[in-house]
Amino acid sequence: MTQTSYVEKVLKRFKMENSKRGFLPMRHGVKLSKKQSPKTDEEFREMFDIPYASVVGNIKYVVQFTRPDVTFTLSVTSTYQACAGLAHWTAVKTILKYLRRIKNMFLVYDGFLFKLNGSVVAWKSSKQDTTADSTTEAEYIAASEAAKKAVCMKNDIQELGVVLSM
Numbered sequence: 039m040t041q042t043s044y045v046e047k048v049l050k051r052f053k054m055e056n057s058k059r060g061f062l063p064m065r066h067g068v069k070l071s072k073k074q075s076p077k078t079d080e081e082f083r084e085m086f087d088i089p090y091a092s093v094v095g096n097i098k099y100v101v102q103f104t105r106p107d108v109t110f111t112l113s114v115t116s117t118y119q120a121c122a123g124l125a126h127w128t129a130v131k132t133i134l135k136y137l138r139r140i141k142n143m144f145l146v147y148d149g150f151l152f153k154l155n156g157s158v159v160a161w162k163s164s165k166q167d168t169t170a171d172s173t174t175e176a177e178y179i180a181a182s183e184a185a186k187k188a189v190c191m192k193n194d195i196q197e198l199g200v201v202l203s204m
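Numbered continuously in the working numbering, the sequence shown closes out at residue 204.
Written as structure tokens, this is what we have:
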């Protein structure tokens, strides 16, 4: 499953098809807050014609089916739909730039890390053996591998007589 053509339509609709390609869905260090919402009439006028909620809705559709890696950033930006300011709009455009860059990419590496009492006891990072049809499928494959390892580790720990508490 891919949404390449849908992402391209969204980018074109919101005039981002020629934007720079983003490396992350949210820039490092960006902190969005309600304080960045419009306060003056001029700021409200600046935001009036910006299709913030529409863009967020279109991104949500992409996230729901093929791009779970954007979920956190979408969640943060969705919070400000009723009172979005320019900083919030910039964050949403950053998501679009990221989607532009990765619209044809799928997750091919997986990994996990398990800690016990603050120490790493198992980890894995590798290229997936199975070719997934989408990022979502690749993430499920990775989660399945991690779950298998977790079950093995739990059994090993129980065989040693260690009592686990959660």
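Using N, Cα and C, we set each Cβ at its ideal position, and we do this for glycine too.
Going by beta carbon distance, what residues of the same chain come within less than 6 Å of Ile97, once the five residues before and after it are set aside?
Leu112, Ile133
Distance between beta carbons of Ala170 and Ala176, contact taken as under 8 Å
4 Å
I think Lys153 touches Val159, with their Cβ atoms under 8 Å apart; what is that distance to the nearest whole Å?
Sure, about 7 Å apart at Cβ, within 8 Å.
Is Phe110 helix, strand or coil by DSSP?
helix
Between the beta-carbon of Thr42 and the beta-carbon of Lys141, is there less than 8 Å?
yes
Over what stretch of residues does the beta strand (DSSP E) that includes Ala160 continue unbroken?
157 to 165
Can you name the start and end residues of the alpha helix (DSSP H) that Glu46 belongs to?
Counting along the chain, the alpha helix (DSSP H) containing Glu46 begins and ends at 42 to 51.
Backbone CA spacing between Val114 and Leu70 [nearest angstrom]:
8 Å
Please classify His66: is it buried, with 16 or more other beta-carbons within 10 angstroms of its beta-carbon, or exposed?
exposed
Determine the DSSP secondary structure at Lys72, reduced to helix, strand or coil.
It is helical.
Report the three-state DSSP secondary structure of Leu154 (helix, strand or coil).
strand
Candidates Glu197, Thr168, Leu151, Val45: which alpha carbon is nearest Val101's?
Val45
Beta-bridge partners of Gly149, as assigned by DSSP
Ser163
Taking the alpha-carbon of Lys186 as reference, which of Leu198, Trp161, Tyr99, Thr174 has the nearest alpha-carbon?
Closest by alpha carbon: Trp161.
May I have the straight-line CA-CA distance separating Phe82 from Ser75, to the nearest angstrom?
Distance between the alpha carbons of Phe82 and Ser75: 9 Å.
Going by beta carbon distance, what residues of the same chain come within less than 6 Å of Arg139, once the five residues before and after it are set aside?
Arg59, Gly60
How far does the alpha helix (DSSP H) with Asp79 in it reach, from first residue to last?
Its alpha helix (DSSP H) spans residues 79 to 86.
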